[in-house]
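Contents: one structure, followed by commentary.
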Amino acid sequence: MVRLKARYLLCEVCMSERSMLRLLEEKDIFQAVKTAVTTAHGQYGLALFNIGSAVRYVNAYTGVVMLRFRKAHYQLLWSALPFITSIWKQGQRVPCFFNCIHVGGTIRTCQKFLIRYSRQQLFRMLPHCKTEAEKQQVRKAVLSCSLNQLRQDDDDDDNDDYDDDNDDDDGK
Amino acid sequence: MEKKPTPYERVVCKNTSLYHYMKINLVFDSRNKSLSAEQFKQLIITGLKDLYGEVGAAFPFDVLTFNQTELSAILRVYHSSLVKLWSAITLIGSYESVSCAFRVTQVSPFLLALSGNSREMEVF
Amino acid sequence: MSVFMDLNITAGTDKAKLQSTIETAAHLGYSTVAINYVVEGQKKKQLIPTPQPLAELFETFPTVQGKSRPIKVLNRLTVVATDASHFRPTNEYKNFDLLAVHPKTDKLFHAACMNYDVDIICISATEPQSFHFKRSPVNGAIERGVFFEISYSAGIRDPTMKKYTITNAVNLISVCKGKNVIVASGAEAPLNLRGPYDIANLGLIFGLSEGDSKAAVSTNCRSVVLHGETRGTALGIIHTMKRPQLPTEQPEEEIPAAKKAKTDDGSLIV
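Residue numbers (UniProt numbering), protein chains in the order written: chain A, 1 to 172; chain H, 1 to 124; chain U, 1 to 270.
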């Protein structure tokens with residue numbers, strides 16, 4: 001069976017104000033990427049973009065988006081992503097930039113990566129906590145997402161994750 | 001470990017040269033259209049920008065000769081961007097809303113080869 | 001070394017324009033061109049045009065660049081089908097050397113690939129494709145020797161059409177893997193035509209390999225023409241024709257003697 005291969009790009013949308021992230025929507029991101037591809041690669045880029053490209057996942061809280069491109073020409077389309085400087089949202093320009101954090105072949109590998117990445121982000125948040133209550137909350141969140149992973153992941157992956165967990169606890 | 005310099009060097013000629021040369025001709029519907037070398041290059045760059053965007057507009061290429069009466073020119077392009085430049089030239093359809101066409105007479109990795117032309121030869 | 005062909009030159013009402021287009025094609029090095037008559041399926045009972053007799057078009061056909069032979073001109077009919085009823089194989093279709101169909105829906109595309117007795121299936125160049133190319137009908141068409149045509153002049157006439165042309169071409173070629181594709185102009189004016197080597201290069205950006213993209217303007221076109229010739233025969237072995245009572249426009253006369261001899265040979269061997 002032949003299948004059309006795709007590449008999934010996990011990108012982090014970085015905005016100056018975190019509050020603006022809440023407004024993130026699929027179609028705005030799609031439009032922003034489309035415009036960037038058109039300016040960078042012209043009609044040819046646009047023609048390739050129109051084949052099988054999509055925004056598959058948007059997380060308005062963390063600002064992580066997942067873009068889907070055809071494997072045959074994802075490198076050309078990827079090269080346009082650094083040129084995105086702003087997203088138009090309801091007629092107003094929101095300055096931002098795209099930071100690509102992972103390239104995967106399936107949604108599943110991207111999901112695995114994203115869970116691990118988000119947990120790392122939580123660890124990074126820990127030293128910034130001011131009160132003990134906040135700290136507890138973050139710790140709880142860390143534990144909850146590792147539990148999630150326990151349910152979803154395969155055996156070997158789980159082992160890796162436990163190791164990670166222990167290391168981090170010791171470090172604190 | 002100390003790395004010794006290799007005693008001999010193997011040179012492989014893959015028969016590709018860095019540059020390619022294209023002999024092209026601009027054809028207009030009306031005879032009396034004339035344009036300068038700058039406008040000519042600008043037309044090609046516009047065509048590149050339209051098809052390949054800003055990346056395309058940045059392709060380095062040179063107009064070596066330009067004949068204003070016949071609107072023929074010899075371009076020098078890097079081998080790597082030959083296909084893109086050529087396809088952009090192919091798809092140029094108008095200049096200042098006058099329809100026009102580029103006829104590529106000859107493409108060669110050697111400039112000297114452009115002095116003779118087998119394709120223009122008329123056989124009777 | 002095979003000759004180049006451009007199997008789509010739009011037949012307009014302007015005879016002088018058509019003449020100059022064919023002259024340009026000959027100058028650019030095309031050995032064979034096909035004049036394309038388009039029938040839109042929407043209108044009820046639209047008459048199928050009868051091809052203009054070629055003798056009226058030129059006194060002497062222009063000589064092909066680099067060859068000493070005159071250019072060969074064929075007639076071609078394109079049926080734009082939005083409904084299954086639009087494609088009815090009638091006797092009028094037999095006046096044409098080549099028969100093409102431009103399916104607009106998924107079902108018709110499937111039928112065109114698997115059943116219709118046509119030579120060429122056109123791919124739209126001016127609008128986004130309304131359906132996906134599926135592998136099974138495309139493979140069926142390749143098996144049957146039907147070719148897919150990409151026309152490029154829409155992209156030259158209107159720059160915004162480039163993206164549709166490229167999108168549809170890349171889509172098609174990724175499905176058919178570069179087999180059974182021809183690239184033709186669809187030119188209305190002399191300046192919409194491009195040289196055969198330019199088109200071979202253009203094929204590269206559609207995703208064809210170098211060999212396939214040169215075949216798209218040469219050997220594949222030859223297969224189309226031969227397919228068109230055998231369409232009127234039984235499996236290319238037996239060919240029946242009415243004896244011309246009156247020496248009027250008989251399209252069979254367009255087939256040169258050399259080609260006829262070939263089919264005769266075939267029948268003898270079998």
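Cβ atoms here follow ideal geometry from the backbone N, Cα and C, with glycine treated the same way. As the structure is a computational prediction, the values presented were derived from the model and not from experiment.
- Item | Closest residue to Glu54/H among Trp88/A, His102/A, Val13/A and Ala36/A (Cα-Cα distance) | On the second sequence, position 54 is the one that residue 54/H refers to. Answer by Cα proximity: Ala36/A.
- Contact belief for Ser87/H with Leu51/H at Cβ below 8 Å, rounded distance in angstroms: Translated into the one-based positions of the second sequence, residue 87/H becomes position 87. Translated into the one-based positions of the second sequence, residue 51/H becomes position 51. 7 Å between Cβ atoms; contact.
- Message: Taking only three categories from DSSP, how would you classify Glu17/A?
- Response: For the purposes of this step, residue 17/A is taken as residue 17 along the first sequence, with counting starting at 1. Coil at Glu17/A, not helix or strand.
- Task: Could you tell me which of Gly56/H, Leu91/H and Tyr19/H sits nearest to Ala101/H, measuring between CA atoms?
- Result: Counted from its first residue, the second sequence places residue 101/H at position 101. Considering only alpha carbons, the answer is Leu91/H.
- Message: Can you look up His41/A in the DSSP assignment and give me helix, strand or coil?
- Response: Position 41 of the first sequence holds residue 41/A. DSSP places His41/A in helix when its eight states are reduced to three.
- Out of curiosity, what's the CA-to-CA distance linking Gly29/U and Asp198/U? What you label residue 29/U is simply residue 29 of the third sequence in a count that begins at 1. What you label residue 198/U is simply residue 198 of the third sequence in a count that begins at 1. Distance between the alpha carbons of Gly29/U and Asp198/U: 12 Å.
- Item | Min CB distance Ser53/A to chain H below 9 Å | In the first sequence, residue 53/A corresponds to position 53, counting from 1. So, not an interface residue.
- Can Ile107/A and Val65/A be called in contact, C-beta distance under 9 Å? Position 107 of the first sequence holds residue 107/A. Position 65 of the first sequence holds residue 65/A. Taking 9 Å as the Cβ cut-off, Ile107/A and Val65/A do not qualify as a contacting pair.
- Assign Ala16/U to buried or exposed, taking buried as 16 or more other Cβ atoms, counted over all protein chains shown, within 10 Å of its Cβ. Here residue 16/U refers to the residue found at position 16 when the third sequence is read from its first residue. The residue in question, Ala16/U, is exposed, as its Cβ has fewer than 16 Cβ neighbours within 10 Å.
- Item | Residues that DSSP places opposite Thr39/U in a beta bridge | Your numbering for residue 39/U matches position 39 in the third sequence. With the sequence shown as reference, residue 39/U is identified as Val, and Thr is not the correct amino acid for it. Bridge partners of Val39/U: Val79/U.
- Query: Would you say Tyr74/A reaches chain H, if we count a Cβ-Cβ gap shorter than 9 Å as a contact?
  - Reply: Locating residue 74/A in the first sequence gives position 74, where the first residue counts as 1. It does not; no Cβ of chain H falls within 9 Å.
- Message: For Glu149/U, report the span of its beta strand (DSSP E) as first-last.
- Response: Stepping through the third sequence from its first residue, residue 149/U is reached at position 149. From DSSP, the beta strand (DSSP E) with Glu149/U extends over Phe147 to Ser151.
- Query: With distances taken from CA atoms, which of Gly42/A, Leu114/A and Gly105/A is nearest Ser79/A?
  - Reply: Numbered from its first residue, the first sequence carries residue 79/A at position 79. Considering only alpha carbons, the answer is Gly42/A.
- Task: Select from the stretch 27-43 of chain A all residues with a C-beta closer than 8 Å to any C-beta belonging to chain U, and list them in chain order.
- Result: Gln43
- DSSP three-state assignment for Cys221/U, whether helix, strand or coil: Along the third sequence, read from residue 1 onward, the residue named residue 221/U stands at position 221. It is helical.
- Message: Can you confirm whether Ser99/H, when its beta carbon is compared against all beta carbons of chain U, has any partner nearer than 9 Å?
- Response: Numbered from its first residue, the second sequence carries residue 99/H at position 99. Closer than 9 Å: yes.
- Item | Buried versus exposed call for residue 338/U [16 or more other C-beta atoms within 10 Å across all chains shown] | Residue 338/U lies beyond the residue range present for chain U, which begins at 1 and ends at 270; the question has no answer from this structure.
- Task: Quick one: give me the first and last residue of the alpha helix (DSSP H) that Tyr197/U is part of.
- Result: Reading the third sequence from its first residue, position 197 is the one you call residue 197/U. Per DSSP, Tyr197/U belongs to the alpha helix (DSSP H) from Pro196 to Ile205.
- Task: Count the CB pairs spanning the stretch 180-199 of chain U and the stretch 60-79 of chain H that are closer than 8 Å, and state whether there are at least three.
- Result: no
- Compute the distance between the beta-carbons of Leu48/A and Ile166/U, then report whether it is under 9 Å. Within the first sequence, residue 48/A is the residue found at index 48, counting from 1. Within the third sequence, residue 166/U is the residue found at index 166, counting from 1. In contact: Leu48/A and Ile166/U (Cβ atoms closer than 9 Å).
- Quick one, which of Val146/U, Ala84/U and Ala25/U has its alpha-carbon nearest residue 311/U's? As shown, chain U starts at 1 and ends at 270. That puts residue 311/U outside it, with no answer to give.
- Message: Helix, strand or coil, according to DSSP, for Val270/U in the structure here?
- Response: Residue 270/U sits at position 270 when you count from the first residue of the third sequence. Below a pLDDT of 50, predicted positions are generally treated as unreliable, and Val270/U, at 39, falls in that range; the measurement from the model is reported next regardless. DSSP places Val270/U in coil when its eight states are reduced to three.
- When DSSP labels each residue in this structure, what does Met66/A get in the three-state scheme? Looking up residue 66/A in the first sequence gives position 66. Note: Met66/A maps to strand in three-state DSSP.
- Task: Determine the extent of the alpha helix (DSSP H) in which His110/U is found, giving its start and end residues.
- Result: Within the third sequence, residue 110/U is the residue found at index 110, counting from 1. Residues Asp106 to Met114.
- Message: Please state the DSSP three-state secondary structure of Leu208/U.
- Response: If you number the third sequence from 1, residue 208/U lands on position 208. Coil, per DSSP.
- Taking Leu85/H and Leu48/H to be in contact with their CB atoms under 8 Å, please state how far apart those CB atoms are, rounded to whole angstroms. Position 85 of the second sequence, counted from the first residue, corresponds to residue 85/H. Position 48 of the second sequence, counted from the first residue, corresponds to residue 48/H. Going by Cβ atoms, the distance from Leu85/H to Leu48/H rounds to 7 Å, so yes, they are a contact pair.
- Message: Could you check whether the Cβ of Asp62/H sits closer than 9 Å to any Cβ belonging to chain U?
- Response: What you label residue 62/H is simply residue 62 of the second sequence in a count that begins at 1. No, no contact with chain U.
- Consult DSSP for Glu54/H and reduce its assignment to one of helix, strand or coil. Taking the first residue of the second sequence as 1, we reach residue 54/H at position 54. It is helical.
- Where does Asp62/H fall in DSSP's three states? Taking the first residue of the second sequence as position 1, residue 62/H is located at position 62. Three-state DSSP puts Asp62/H in a strand.
- Item | Extent of the continuous beta strand (DSSP E) to which Val58/A belongs | Translated into positions along the first sequence, residue 58/A becomes position 58. Taken as a continuous stretch (DSSP letters only), the beta strand (DSSP E) holding Val58/A covers Ala54 to Asn59.
- Query: What are the complete alpha helix (DSSP H) segments, minimum 4 residues, inside the stretch 164-188 of chain U?
  - Reply: none
- Task: Could you pull the start and end residues of the alpha helix (DSSP H) that Ile9/U belongs to?
- Result: For the purposes of this step, residue 9/U is taken as residue 9 along the third sequence, with counting starting at 1. No alpha helix (DSSP H) contains Ile9/U, which is instead part of the beta strand (DSSP E) from Phe4 to Thr10.
- Item | CA-to-CA distance, Ser94/H to Phe69/A, given in whole angstroms | Counted from its first residue, the first sequence places residue 69/A at position 69. Counted from its first residue, the second sequence places residue 94/H at position 94. Roughly 33 Å separates the two Cα atoms.
- Please list, in chain order, all residues of the same chain as Phe133/U whose beta carbon is under 7 Å from its beta carbon, the five residues on each side excluded. On the third sequence, residue 133/U is found 133 positions in, with the first residue counted as 1. The residues are Asn171, Leu172 and Val175.
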